[in-house]
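Residue numbers (this note's numbering): -10 to 713.
Structure representation (structure tokens):
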């Protein structure tokens, strides 16, 4: 498609408000620093419930769509496909607005060379919800542009034309989209395209099959590990197994003489090998003698001592009414969660080619724009000289928000003048992950005369999630005082309680922690919903009633009550033990999406067995209900793995385990026999889907175990005491 004649057109009020709302965060942050606590809490509360809009280019259809000569529409998506079905959902939206069949939409990852670059990321459960409005508008723009051009070519008025699956028809005449676009050098882009009524959509709201299914079933080379370039070499980077190691120097004399070695690259912060094969690169890497500066030999107990409420700095993120005092005789419980690995199937890697002042990067990444920027800065190139070609992701979950290996591969390629492919080994992937941070929680409360909570306080400590990430401006954390990732799920959702307070504590860890699917939601909900369940037991009240009576009747509270009531009815919730099985209930709100779950659990051979999980979630309008159900199922199984098995340790200054197997994860046999998902629609637009279902599962299982055994398990992964 050709260039836009109206490239200087004005910005609509909607787009101004969207962009201005995000840009104002910096201004508000300054105000926060001046007025501190109350404004901090206001901003953090808004961020916690924010449904992130799409803020990049949404008024140039020509960088999003390409009409092929065989009359297909190639949609260049700035959002990555990492297994959630994003491509299918956005194809449904585009197909409906363009009046074409689903098979006619071909979704591909947008290369940075198209100009369609997402400056945020693929993450935060924002792909479908964030693109809902702008992608439909872009599709409507393209539809209007094609109708206007067809009107000209067919010499008919627009109101005499209709679209039938990529063909424009009127008065016995017809042109395909491809024929309409043929020969057009300039397009007039409409300012205010008219969107179709949602009730007239053919695909949105329907369970459309995944459009990437065939490629994955037949093993097409679509992932980062499949990427190749002609005349390609292989790279390996020397990495220390010790926590906190800083590169000092390296002796590569022996490695330089080894078979297949093309060059040893010495940079100020790393040393690498380029060789003719991957095994030759690895062998030479192991022969390099490196001097590191590193921490003393730390162990898990040292990390536990660091990660304790009261250490570091604190910020009150939520507050209402009075605080608890010792004279109130509060009931207090403590909870802990461990270090967790991403453990995605595909290790991080990249193919890079740098030559003649240009760089081409083929990579599995959630942050195309950031990857391009980092490569350009290190190689002293303009960002336009760096082309990032993203691939499908073999699992992401936040791990691919960090891509320094793209810089390393680019430097290797620049040194040898040929393409270089570089991938982490599995050991490197485990030891140099950006881990899910460990947490510690202290929760206290007391009762009023009705047996409900009068005061509830949640204090929790976490390592970094958003802080120290390239996605968060460095000036922001000290001003707002809390990590916007770690506090997810840390807010008290029972705002009908008269007095409550939530306090976030931050400490620095000696190893990197960062984004992990659902951020702080899993850990915070495990602690809070376990505590609420225990309080219901102590109050001798049904867990459902205890929760419902303490949820406010505001819009989000009503939606939360609805998912709790729905899951209770669907699962036929009972607090009785029937044939050795018990049920546990938990609920959470994440990114304005409420979710409730009931886990049906038994104890077999001293192991916790999850037989069935019932899920009720209100994501708003469901673009693809099957896709959302699949996300709920995936979150439940991923949550079961994290809750019952997964844990990284620190042993003599090293993170371990370093391979699947010793790093225990849920297997097929550990998956529940049934996951029953019910979707509600409490609002008229799509909401967050990918992470909210991870919130309740840990507490739901723990609450079922409490009813089975009488024991309150307060630490993940959940392990039964020997006496049971």
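All residues carry an ideal CB built from backbone N, CA and C; glycine is no exception.
Rounded separation between residue i and residue j - CA only
| i | j | result |
| --- | --- | --- |
| residue 286 | residue 643 | 8 Å |
| residue 368 | residue 400 | 7 Å |
| residue 252 | residue 468 | 46 Å |
| residue 66 | residue 697 | 48 Å |
| residue 245 | residue 222 | 16 Å |
| residue 686 | residue 632 | 8 Å |
| residue 239 | residue 282 | 12 Å |
| residue 673 | residue 593 | 44 Å |
| residue 560 | residue 602 | 8 Å |
| residue 325 | residue 512 | 8 Å |
| residue 705 | residue 179 | 55 Å |
| residue 114 | residue 74 | 12 Å |
| residue 379 | residue 533 | 46 Å |
| residue 148 | residue 187 | 21 Å |
| residue 608 | residue 360 | 31 Å |
| residue 489 | residue 314 | 12 Å |
| residue 41 | residue 111 | 11 Å |
| residue 390 | residue 234 | 22 Å |
| residue 322 | residue 514 | 14 Å |
| residue 362 | residue 118 | 26 Å |
| residue 195 | residue 613 | 5 Å |
| residue 676 | residue 473 | 19 Å |
Which of helix, strand or coil DSSP assigns to residue i
| i | result |
| --- | --- |
| residue 249 | coil |
| residue 514 | helix |
| residue 701 | coil |
| residue 560 | helix |
| residue 207 | coil |
| residue 48 | coil |
| residue 214 | helix |
| residue 436 | strand |
| residue 721 | Since the displayed the chain opens at -10 and closes at 713, residue 721 lies outside it and no answer follows. |
| residue 63 | strand |
| residue 715 | Residue 715 lies beyond the residue range present for the chain, which begins at -10 and ends at 713; the question has no answer from this structure. |
| residue 401 | helix |
| residue 92 | helix |
| residue 467 | helix |
| residue 407 | coil |
| residue 240 | strand |
| residue 600 | strand |
For residue i, the residue or residues it bridges with in DSSP
| i | result |
| --- | --- |
| residue 637 | 328 |
| residue 585 | 576, 605 |
| residue 425 | 329 |
| residue 159 | 162 |
| residue 714 | Missing from the structure shown is residue 714; the chain here goes from -10 to 713 and no further. |
| residue 307 | 491 |
| residue 667 | 605 |
| residue 430 | 324, 449 |
| residue 255 | 260 |
| residue 224 | 263, 411 |
| residue 443 | Residue 443 pairs with nothing; no bridge assigned. |
Counted within 10 angstroms of its Cβ, other Cβ atoms place residue i as buried (16 or more) or exposed
| i | result |
| --- | --- |
| residue 373 | exposed |
| residue 503 | buried |
| residue 712 | exposed |
| residue 90 | exposed |
| residue 207 | exposed |
| residue 517 | buried |
| residue 82 | buried |
| residue 557 | buried |
| residue 203 | exposed |
| residue 12 | Because the pLDDT of residue 12 is 44, which lies under 50, any placement of that residue in the model is unreliable, and the number read from its coordinates should be weighed accordingly. Residue 12 should be labelled exposed. |
| residue 702 | buried |
| residue 475 | buried |
Proximity test, residue i beta-carbon vs the ligand GDP heavy atom, cut-off 7 Å
| i | result |
| --- | --- |
| residue 311 | For the ligand GDP, the structure offers nothing, since it holds no ligand at all. |
Handout entry: At least three beta-carbon pairs within less than 8 Å, the stretch 378 to 389 to the stretch 309 to 317
Key = No, the stretch 378 to 389 is not in contact with the stretch 309 to 317.
Exercise for the section: Answer yes if the stretch 538 to 545 comes into contact with the stretch 482 to 494, meaning at least three C-beta pairs across the two stretches below 8 Å, and no otherwise. Expected result: By the C-beta criterion, the stretch 482 to 494 is judged to be in contact with the stretch 538 to 545, since at least 3 inter-stretch pairs fall below 8 Å.
Problem - Three CB pairs or more closer than 8 Å across the stretch 335 to 352 and the stretch 407 to 417 - result: Touching, yes, given that three or more Cβ pairs across the two stretches are closer than 8 Å.
Problem - the stretch 488 to 503 contacting the stretch 438 to 455, beta-carbon criterion three pairs below 8 Å - result: In short, these stretches touch, since the Cβ pair count reaches three.
Problem - Three CB pairs or more closer than 8 Å across the stretch 128 to 135 and the stretch 157 to 177 - result: Touching, per the Cβ criterion.
Problem - Sufficient close CB pairs (3 or more, under 8 Å) joining the stretch 325 to 337 to the stretch 48 to 66 - result: Short answer: they don't touch.
Problem - Three CB pairs or more closer than 8 Å across the stretch 95 to 106 and the stretch 148 to 159 - result: No: fewer than three Cβ pairs fall under 8 Å.
Practice task
Could you say if the stretch 253 to 271 and the stretch 292 to 300 meet the contact criterion of at least three C-beta pairs nearer than 8 Å?
Solution key: In the pairwise beta carbon analysis, the stretch 253 to 271 is classified as not touching the stretch 292 to 300: fewer than three pairs are separated by under 8 Å.
Practice task
Taking 8 Å as the threshold, find out whether the stretch 676 to 692 comes into contact with the stretch 562 to 581 through three or more Cβ pairs.
Solution key: In short, these stretches touch, since the Cβ pair count reaches three.
Exercise for the section: Answer yes if the stretch 607 to 622 comes into contact with the stretch 659 to 677, meaning at least three C-beta pairs across the two stretches below 8 Å, and no otherwise. Expected result: Yes, since at least three Cβ pairs between the stretch 659 to 677 and the stretch 607 to 622 fall closer than 8 Å, the two stretches touch.
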